[in-house]
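>
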Amino acid sequence: MQRAFLQPDDVRDLVADQFGAARRPIALDRLTGGSRKGVYRLRLDDQTKVILYVWAAVENYWPPWSVDRALSHLHTAATRDARLADAHDRIAGHVRRLRGAVTARETYGLVHGELGPDHVLVTPAGEPVMIDFEGLTYFDVEWDHAWLQMRFGDAYPLLRPVDLDPHRLELYRYAQVLSLIEGPLRIADTDFPGRQWMLDLAEWNIGKALAVP
Numbered sequence: 110m111q112r113a114f115l116q117p118d119d120v121r122d123l124v125a126d127q128f129g130a131a132r133r134p135i136a137l138d139r140l141t142g143g144s145r146k147g148v149y150r151l152r153l154d155d156q157t158k159v160i161l162y163v164w165a166a167v168e169n170y171w172p173p174w175s176v177d178r179a180l181s182h183l184h185t186a187a188t189r190d191a192r193l194a195d196a197h198d199r200i201a202g203h204v205r206r207l208r209g210a211v212t213a214r215e216t217y218g219l220v221h222g223e224l225g226p227d228h229v230l231v232t233p234a235g236e237p238v239m240i241d242f243e244g245l246t247y248f249d250v251e252w253d254h255a256w257l258q259m260r261f262g263d264a265y266p267l268l269r270p271v272d273l274d275p276h277r278l279e280l281y282r283y284a285q286v287l288s289l290i291e292g293p294l295r296i297a298d299t300d301f302p303g304r305q306w307m308l309d310l311a312e313w314n315i316g317k318a319l320a321v322p
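For the sequence shown, counting from 1, position 198 maps to 307 in the working numbering; every step adds exactly one.
(1) For chain D, is any of its Cβ atoms less than 8 Å away from the one on Phe-248?
(2) Less than 8 Å between the C-beta atoms of Asp-190 and Ile-296, yes or no?
(3) Between the C-alpha atoms of Val-124 and Ile-160, what's the straight-line distance to the nearest angstrom?
(4) So, is Tyr-217 buried or exposed, given that buried needs 16 or more other C-beta atoms within 10 angstroms?
(5) Please report the residue range of the alpha helix (DSSP H) in which Ile-200 lies.
(6) List the residues that DSSP assigns as beta-bridge partners of Met-239.
(7) To the nearest angstrom, how far is the alpha carbon of Ile-240 from that of Glu-291?
(8) I believe Trp-256 touches Glu-279 by the beta-carbon criterion, under 8 Å. Please report the beta-carbon distance rounded to the nearest angstrom.
(9) Counting only the same chain and skipping the five closest in sequence on each side, list residues whose C-beta sits under 6 Å from that of Pro-293.
(10) Going by DSSP in three states, Ala-113 sits in which element: helix, strand or coil?
(11) I'd like to know whether the C-beta atoms of Leu-319 and Arg-192 end up nearer to each other than 8 Å.
(12) How would you write the range of the alpha helix (DSSP H) that His-265 sits in, first residue to last?
(13) Among residues of its own chain, excluding the 5 on either side of Leu-153, which ones have a beta-carbon nearer than 8 Å to its beta-carbon?
(14) With DSSP run on the structure shown, which of helix, strand or coil describes Gly-316?
(15) Based on Cα-Cα distance, which residue from Ser-288, Phe-301, Gly-303, Pro-322 lies nearest to His-184?
If you want it as structure tokens, here you go:
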């Protein structure tokens with residue numbers, strides 16, 4: 110991919126919308142450290158300085174994680190379970206077919222990454238507060254909803270979910286199945302005290318992974 114980072118002229122309309130038509134950008138420097146998103150220091154003609162975050166494909170140095178990570182989880186888990194090794198090509202083909210059904214979109218939401226009941230607290234004032242949000246990013250909201258469906262099961266409709274892309278939802282649901290095989294099997298090889306729980310979790314998801322045609 111040929112990368113073309115933002116220039117001051119690219120943000121003139123944004124500056125006018127946010128700071129008024131009288132303001133104009135005079136410098137835009139891309140800061141180091143951003144690998145999933147671009148981080149820029151924007152300086153205006155009145156010496157105001159602003160930090161600008163940009164989520165875009167050209168700013169992301171990581172691979173397309175929903176598919177690549179799912180296949181990586183499959184490859185790793187297959188070294189620990191003969192059933193997955195035997196079904197490797199069939200499962201990988203299913204992942205690619207799910208990805209092939211997903212069409213481009215331009216609107217994304219802020220997602221937690223592992224949203225579930227244990228990642229939401231309620232303050233004394235009755236306000237919900239998210240915790241453990243180190244994976245927070247702009248992405249397809251279907252990712253969080255795949256987690257919510259898994260965690261809440263039959264109670265999921267009570268959350269009054271928004272309209273979702275069924276193709277994205279199914280891709281992410283299956284990707285999370287593979288994640289919940291690889292991670293528990295890997296952890297079970299350590300001195301983790303709940304080893305049997307991890308093995309049971311992996312076994313449950315192995316059954317779901319193998320159920321694909």
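Note that the Cβ used here is the ideal one computed from N, Cα and C, for glycine as well. Fair warning: this is a prediction, and the values are worked out from it, not measured in the lab.
In brief:
(1) Protein chain content of the structure displayed is limited to a single chain, and chain D is not contained in it.
(2) no
(3) 12 Å
(4) exposed
(5) 197-209
(6) Val-229
(7) 24 Å
(8) Between Glu-279 and Trp-256 the Cβ distance is about 14 Å, and since that is not below 8 Å, they are no contact.
(9) Met-307, Leu-310, Ala-311
(10) coil
(11) yes
(12) One detail in the question is off: residue 265 reads as Tyr in this sequence, not His. Where Tyr-265 is concerned, there is no enclosing alpha helix (DSSP H), given that its DSSP letter is neither H nor E.
(13) Val-124, Phe-128, Arg-132, Arg-133, Pro-134, Ile-135, Val-159
(14) helix
(15) Ser-288
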